[in-house]
Structures are given as structure tokens and as C-alpha cells.
Amino acid sequence: MPYDRKFFFDTVRKDLFNGTLTQSQVDGMNYLLEVWEWGFEANNPNDGTMWLAYALATFYHETAYTMQPIEEYGKGSGKSYGKPAGPYNQCYYGRGYVQLTWEENYKNGQKYLKDRYDKDCQIYPDASNALNAEISALVSYDGMVYGWFTGVGLPKYLSKSKGIEDPVNARRIVNGTDKASTIAGYYWKFKGALKQIPAAQVAKTSLESQLPDLPKSAPMPEPGTQTET
Numbered sequence: 006m007p008y009d010r011k012f013f014f015d016t017v018r019k020d021l022f023n024g025t026l027t028q029s030q031v032d033g034m035n036y037l038l039e040v041w042e043w044g045f046e047a048n049n050p051n052d053g054t055m056w057l058a059y060a061l062a063t064f065y066h067e068t069a070y071t072m073q074p075i076e077e078y079g080k081g082s083g084k085s086y087g088k089p090a091g092p093y094n095q096c097y098y099g100r101g102y103v104q105l106t107w108e109e110n111y112k113n114g115q116k117y118l119k120d121r122y123d124k125d126c127q128i129y130p131d132a133s134n135a136l137n138a139e140i141s142a143l144v145s146y147d148g149m150v151y152g153w154f155t156g157v158g159l160p161k162y163l164s165k166s167k168g169i170e171d172p173v174n175a176r177r178i179v180n181g182t183d184k185a186s187t188i189a190g191y192y193w194k195f196k197g198a199l200k201q202i203p204a205a206q207v208a209k210t211s212l213e214s215q216l217p218d219l220p221k222s223a224p225m226p227e228p229g230t231q232t233e234t
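Its first residue numbered 6, the sequence shown is counted upward by one per residue in this note's numbering.
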């Protein structure tokens, strides 16, 4: 089911954005909600709200609250991933909603978007394509759900069936324990803003015209399982 947009924006405006939202922030979050509802929510009705809340908390932190795909500040300067690497001579510093980093993750993103969504995203060879909103949303959600960023995914830390709700350690999905408690705090606020409503009560979104080749749903891993990379 879709999420109540008015309730969501009224809540996050107050709890996370100091009472004010820019149009860009609204557009970014609307798009992220649409992508989740259209491609991910249906196959995980039990844990979907927790997973979405943690993803949004991560994006809020990783995009410096803009809720738009951005480049890593400094573009990896002084770090090994900030130097050209691989056959395409690209710098694989952080980009997108989740700050996709390292050559292997760009390679995996290219593979999994093609395999699961028939989407040829071209982030490997051209890393700058990871700044495209459609591509970044799919890469970000897919990597967090299936666990191919770091080897662990959302089912390990957020599972209603197993009674697990650990947004602190869920940071290991993306970046070890860096800012883990801070992002967990954002998680609880986003979770409180996510209220589902019957599909019949909302107008059809425009996402089908934006993502014409994305299937209605993608298979989700069972709680506690991971996809090999």
C-alpha cells in the first residue's frame, strides 16, 4: 500500500527539517517514496516500513539533507577510491543517495540493475551516471535490501518475523558504524512519518511514465539471508 504523503511531509517537516522544506527536498522524497512503493514494497509488506525508514534515514544523512543524489564532498581526495581505477579509468568516490563508493560496487550496481530490473544503467563504465535519480534510487534500495554494498543487508537488522529492530547496527549495511547512532535517530523519526493508506484512496502516481521498464516488483530476500556478490 502507498504511504500517506500529507502525514509524511507534515511529520518530517517538523521533526527533521526544522519546519521548512524546499521544493527540491519535497520532490526528492516524493520520488524516493514512489520508487519504493512501485518496485519494493509489495514483496515485503511485513518489513517494508522499517526498511524504507532506514533507507530514508541513510539518504538524509548521505545527501546532507538535500534528498537529492549528490557527489561526495572532496570527491575522494586523499583516499584510495578517489584515484582512477579499473579498465575505464574512473574515480569511484561516493555518488548518489547512498554515496556509492569503490569500483566493485559500481560493477555490482551495473550487474544487478540489469539482472533484476532490465535496466542498463551504465555506471560501469561511466561512474557519473550514479548521480541520475532513477539509477541512484534503484541502486540504493537494491544494495541495502540485498546486502551487496558490504555483505549484509536490511533483513539482518530489521525483521518483524524475527523480532529484530536494530537501526544502530543497520549502519553496517553501508559504512561500518560511522554515525550509526545519529542515523538510528533519524530512522525513528522517518518511521514515525510513514503511515500506509489503502491504494484506492490515492491518485495513481506518475512513476510508470518515469520508469517504464521497471517491473512492478522485484523478489526480496528472506529475512536473515543475503545475496552473494
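Positions of the beta carbon are idealized from the N, C-alpha and C atoms, including for glycine. Since we're looking at a predicted model, the values are computed, not measured.
- In the three-state reduction of the DSSP assignment, Ser-186 falls in the helix class, which pools H, G and I.
- A direct Cα-to-Cα measurement between Tyr-111 and Cys-96 gives close to 11 Å.
- Under the 10 Å beta carbon count, Ser-145 is surrounded by 16 or more other beta carbons and is classified as buried.
- For Leu-105, the beta-bridge partners assigned by DSSP are Arg-100.
- In the assembly as shown, Gln-28 is an exposed residue. Its beta-carbon has fewer than 16 other beta-carbons within 10 Å.
- If only complete runs of 4 or more residues are kept, the stretch 25-60 shows the alpha helix (DSSP H) at 28-44, in order along the chain.
- Under the three-state reduction of DSSP, Ala-69 is assigned to coil, being neither helix nor strand.
- Take Tyr-59, set aside five residues on each side of it, and the residues of its chain with a beta-carbon closer than 7 Å to its own are Leu-159, Leu-163, Pro-172, Ala-175, Tyr-192, in chain order.
- Taken through DSSP and simplified to helix, strand or coil, Gln-127 comes out as coil.
- Rounded to the nearest whole angstrom, the C-alpha separation of Lys-165 and Ile-202 is 20 Å.
- In this structure, DSSP gives Ile-169 an extended state, which the three-state scheme calls strand.
- Secondary structure of Leu-199 (DSSP, three-state): coil.
- Going by DSSP, Val-150 is part of the alpha helix (DSSP H) stretching over 138-151.
- By the CB criterion at 8 Å, Ala-135 and Leu-105 fall inside the cutoff.
- By the neighbour-count definition (other C-beta atoms within 10 Å, threshold 16), Ala-69 is an exposed residue.
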